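Heads up, the thing below is written out as structure tokens.
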Amino acid sequence: MTTALNTLFITAEGTRLNKEGECVVVTVQDQKKAEVPLRHLRSVVCLTRAWLTPELMESCLEAGIHVSFFGMTGRFLARVEGVPGGNVLLRRQQYRAADDIARSVAISRALVVGKLGNARQFVLHARRDAAPERQEALSETARRLSEHLRALTRVEDLEQVRGLEGIAARDYFESFPALLKKSAQGFEFDGRNRRPPRNPLNAMLSFGYALLAQDCAGALAGVGLDPAVGFLHEDRPGRLSLALDLMEEFRAPVVDRLVFSLVNRGQLKPGDFRTESAGAVLLKDDARKTFLVAYQEAKQVGVRHAFLGQETTWGMAPHLQSLLLARHLRGELDGYPPFAMR
Amino acid sequence: MSADCETWVALSALQHLLYCERQAALIHVERQWREDVNTASGRLLHERVDLPGHDARVGRRVERAVLLGSQRLRVSGRADMVEYQRDAKGAGWRPYPVEVKRGRRKAGEADRVQLCAQALCLEEMHGVDVPEGALFYGVEHKRAAVRFDAELRQRTEDAIARMHEVLRRQEVPVVVRAPRCDGCSLEPLCLPGVTAGQRSAQDFLTRWMDEAG
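Protein sequence lines, in the order shown, are assigned to chains A and B.
Counting from 1, one number per residue, gives the positions in the first sequence under this note's numbering.
Counting from 343, one number per residue, gives the positions in the second sequence under this note's numbering.
This is the structure we're talking about:
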């Protein structure tokens, strides 16, 4: 898996996708916009109504390319995928592990180690470039995250793991104002809010996490795991709990890092967001496109996989982590090693 | 026993098995598959050959993408190409399997075993002897004839039996990293360096928590 597996995002109304040879051809209003080789694709994400030929759909399903559809308001509708990868035996192992308290605690703890470890690393990276008056706040956050990491070694049940994760998340979000450069005016942050997000930073976080969750769900399904049955996140109807579990370790290094770099570099400004009458804040169409392009680029960035000791990309990382989780559930690995940002 | 309880071995699995038992189990038990440049170009080559239908010359008939199976051995799959040659005695058509391979001739017996398994299927389906077939190598653009002697037949039946055993156990054997792993398209899914206790996730986690502390 040396290539970065790409996502093709469809944002323009009236887009038509068809297959020519081994390529997807993208046409908007009868104008050819792009041609992408099928084997470079991992998924096609339709963020607006799009038209795919049955022939292309068949090729995508055969090649293991997921096609997902979002409603006009950005609500996730469906992901179409071919014959499920993997094997019913692996899914049975997954369900058994989810029912086994000791194993669930061990996996959940590993997931939270990944989440806190990477959040801490992200904050430390940001501190290097921060103005002196903000460095102290960021050091304090890193220190608290270390403390929570140490405390994780002592937790014994799932409630304690979840409780610690909640406290750590609050401490981490408290550092967000200190992550903003002075130049980034109009991006106040007074805590994480969602459903709906009520300021631009939260709008970007929600959008980014939604994309990441779909990438993680696709990666899990690709190795044959059931994205709905998680360890850290309890089962809830309609929730992709294992995808939420897997994305914990990637929230800070992929989405949060992206959001702050867009804001701090001035690529997105307060004027790129609109506020609905009830207070929900959403990205305007052009801003959404800017965000998607930046997200795609972030996935191409190379990174070293600390456990495997090999180079990969942020886009490939969820696939490798899904494999490692499957290997652990199958008993070939003595634990789940989360992805470590260095 | 109802028919649905039976396990069948895919003709293509024999090649995987002879390459590496873990690879065969990953593909056929765990259902892992990944297309890379090699398998894609192999597939394109096959698509050209695989077109169902037949073309004819005098005394010869060619069928492509032929579905084959042996009830006795419980093995089934598709042959790239079967040539039917008019029997010298005029007693009908003798099948002659031809398997198309990307690349060049390989040292192992995997290709010959896969072809021989096709011959065993053809013998059972047509009730005739199939003494010979051929392998066609894309790079060399040449055919190599293969005689189905008693020894090759035995090795083929052994391989089929071994694949049945892999499917019955439903376990993916752990294999230590070997030189052949470098040429394996499944290496990124197999992670041969990680399994078999060669790396510990527990140690990794402990180190990480210590470093952050």
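Beta carbons: idealized from backbone N, C-alpha and C, even for Gly.
None of the values given here were measured: they were computed from a predicted structure.
At the level of alpha carbons, what is the spacing between residue i and residue j?
{"i": "Leu8/A", "j": "Arg330/A", "result": "32 Å"}
{"i": "Gly535/B", "j": "Leu359/B", "result": "20 Å"}
{"i": "Arg327/A", "j": "Arg519/B", "result": "16 Å"}
{"i": "Leu225/A", "j": "Val88/A", "result": "9 Å"}
{"i": "Thr15/A", "j": "Leu415/B", "result": "51 Å"}
{"i": "Thr381/B", "j": "Asn202/A", "result": "Low local confidence applies: a pLDDT of 49 at Thr381/B is under 50, so the model's placement there is unreliable, and no value is given."}
{"i": "Ala492/B", "j": "Ala102/A", "result": "55 Å"}
{"i": "Gln267/A", "j": "Ala287/A", "result": "9 Å"}
{"i": "Val379/B", "j": "Leu509/B", "result": "In this prediction, Val379/B scores a pLDDT of 40, lower than 50, which makes its location untrustworthy; no coordinate-derived value is stated."}
{"i": "Ser241/A", "j": "Arg444/B", "result": "43 Å"}
{"i": "Gln94/A", "j": "Arg485/B", "result": "48 Å"}
{"i": "Glu348/B", "j": "Leu457/B", "result": "23 Å"}
{"i": "Leu205/A", "j": "Phe70/A", "result": "17 Å"}
{"i": "Arg549/B", "j": "Ser542/B", "result": "11 Å"}
{"i": "Leu393/B", "j": "Ser354/B", "result": "Confidence at Leu393/B is low in this model, with a pLDDT of 42, below 50, so its placement is unreliable and the value that follows should be read with caution. Distance between the alpha carbons of Leu393/B and Ser354/B: 18 Å."}
{"i": "Asp157/A", "j": "Pro338/A", "result": "19 Å"}
{"i": "Glu297/A", "j": "His468/B", "result": "58 Å"}
{"i": "Gly395/B", "j": "Ala63/A", "result": "Below a pLDDT of 50, predicted positions are generally treated as unreliable, and Gly395/B, at 43, falls in that range; the measurement from the model is reported next regardless. Cα to Cα, Gly395/B sits roughly 25 Å from Ala63/A."}
{"i": "Leu124/A", "j": "Ser139/A", "result": "7 Å"}
{"i": "Thr270/A", "j": "Asp285/A", "result": "Before going on, a small fix: residue 270/A reads as Pro here, not Thr. Computed Cα separation, rounded: 14 Å."}
{"i": "Pro196/A", "j": "Glu81/A", "result": "29 Å"}
{"i": "Glu332/A", "j": "Val514/B", "result": "9 Å"}
{"i": "Ala168/A", "j": "Leu180/A", "result": "20 Å"}
{"i": "Val126/A", "j": "Gln135/A", "result": "As written in the sequence, residue 126/A is Ala, which differs from the Val given in the question. Cα to Cα, the separation comes out at about 9 Å."}
{"i": "Gly315/A", "j": "Glu133/A", "result": "34 Å"}
{"i": "Ser175/A", "j": "Asn193/A", "result": "15 Å"}
{"i": "Ala501/B", "j": "Arg495/B", "result": "10 Å"}
{"i": "Glu159/A", "j": "Pro227/A", "result": "22 Å"}
{"i": "Glu377/B", "j": "Val371/B", "result": "Because Glu377/B carries a pLDDT of 46, less than 50, the predicted location of this residue cannot be relied on, and no value is offered for it."}
{"i": "Gln310/A", "j": "His483/B", "result": "38 Å"}
{"i": "Glu58/A", "j": "Arg128/A", "result": "49 Å"}
{"i": "Pro177/A", "j": "Leu547/B", "result": "30 Å"}
{"i": "Lys19/A", "j": "Arg236/A", "result": "38 Å"}
Return yes when the Cβ of residue j is within less than 7 Å of the Cβ of residue i, no when it is not.
{"i": "Val440/B", "j": "Ala487/B", "result": "no"}
{"i": "Val229/A", "j": "Val161/A", "result": "no"}
{"i": "Arg257/A", "j": "Phe122/A", "result": "yes"}
{"i": "Val517/B", "j": "Arg364/B", "result": "yes"}
{"i": "Leu17/A", "j": "Leu56/A", "result": "yes"}
{"i": "Ala142/A", "j": "Arg120/A", "result": "yes"}
{"i": "Gln544/B", "j": "Asp334/A", "result": "yes"}
{"i": "Thr53/A", "j": "Thr11/A", "result": "no"}
{"i": "Asn6/A", "j": "Leu41/A", "result": "yes"}
{"i": "Arg446/B", "j": "Tyr479/B", "result": "yes"}
{"i": "Arg489/B", "j": "Glu474/B", "result": "yes"}
{"i": "Gln185/A", "j": "Ser68/A", "result": "no"}
{"i": "Leu528/B", "j": "Leu368/B", "result": "yes"}
From this set, the options, which residue's C-alpha is nearest residue i's C-alpha?
{"i": "Phe173/A", "options": "Val293/A, Leu145/A, Lys32/A, Gln185/A", "result": "Leu145/A"}
{"i": "Trp435/B", "options": "Asp491/B, Leu531/B, Leu464/B, Asp552/B", "result": "Leu464/B"}
{"i": "Ala352/B", "options": "Arg420/B, Arg403/B, Cys523/B", "result": "Arg420/B"}
{"i": "Arg402/B", "options": "Val508/B, Arg428/B, Arg549/B, Asp422/B", "result": "Arg428/B"}
{"i": "Val442/B", "options": "Glu348/B, Ala407/B, Ser412/B, Leu528/B", "result": "Ala407/B"}
{"i": "Pro521/B", "options": "Leu356/B, Cys362/B, Asp500/B, Trp350/B", "result": "Cys362/B"}
{"i": "Gly525/B", "options": "Trp350/B, Lys448/B, Ser412/B, Val371/B", "result": "Lys448/B"}
{"i": "Ser412/B", "options": "Trp350/B, Leu547/B, Pro437/B, Ala452/B", "result": "Trp350/B"}
{"i": "Ser183/A", "options": "Tyr336/A, Lys19/A, Ala130/A", "result": "Ala130/A"}
{"i": "Glu553/B", "options": "Gly21/A, Val24/A, Gly114/A, Glu159/A", "result": "Gly114/A"}
{"i": "His305/A", "options": "Leu164/A, Asn118/A, Gln214/A", "result": "Asn118/A"}
{"i": "Glu35/A", "options": "Cys23/A, Val28/A, Ser43/A", "result": "Cys23/A"}
{"i": "Arg239/A", "options": "Gly21/A, Leu61/A, Ala78/A", "result": "Ala78/A"}
{"i": "Cys46/A", "options": "Glu20/A, Val25/A, Gly21/A, Glu13/A", "result": "Glu13/A"}
{"i": "Arg198/A", "options": "Tyr336/A, His233/A, Arg274/A", "result": "Arg274/A"}
Below 8 Å on the Cβ atoms is my guess for residue i versus residue j; work out the distance and round it to an integer in Å.
{"i": "Val424/B", "j": "Glu405/B", "result": "5 Å"}
{"i": "His459/B", "j": "Val472/B", "result": "Correcting the residue identity first, residue 459/B is Ala in this sequence and not His. Going by Cβ atoms, the distance from Ala459/B to Val472/B rounds to 11 Å, so no, they are not a contact pair."}
{"i": "His148/A", "j": "Leu116/A", "result": "6 Å"}
{"i": "Phe76/A", "j": "Ala210/A", "result": "7 Å"}
{"i": "Gln300/A", "j": "Thr312/A", "result": "Wrong, their Cβ atoms sit about 11 Å apart, outside the cutoff."}
{"i": "Ser104/A", "j": "Phe231/A", "result": "5 Å"}
Got a sec: does the ligand SAH put a non-hydrogen atom nearer than 6 Å to the Cβ of residue i?
{"i": "Arg103/A", "result": "No copy of the ligand SAH occurs in the structure displayed, which carries no ligand at all."}
*asked:* Check whether the segment 207-226 of chain A and the segment 270-278 of chain A are in contact - that is, three or more C-beta pairs closer than 8 Å.
replied: A contact between stretches requires three or more CB pairs, one per stretch, nearer than 8 Å, and the segment 207-226 of chain A fails this requirement with the segment 270-278 of chain A.
*On the three-pair Cβ rule with 8 Å, is the segment 291-299 of chain A touching the segment 255-267 of chain A?*
Touching, yes.
*If we count Cβ pairs, one from each stretch, closer than 8 Å, do we get three or more for the segment 237-248 of chain A versus the segment 183-203 of chain A?*
With the cut-off at 8 Å, the segment 237-248 of chain A and the segment 183-203 of chain A do not touch.
*Within the chosen definition, does the segment 146-158 of chain A reach the segment 103-111 of chain A through at least 3 CB pairs nearer than 8 Å?*
With the cut-off at 8 Å, the segment 146-158 of chain A and the segment 103-111 of chain A touch.
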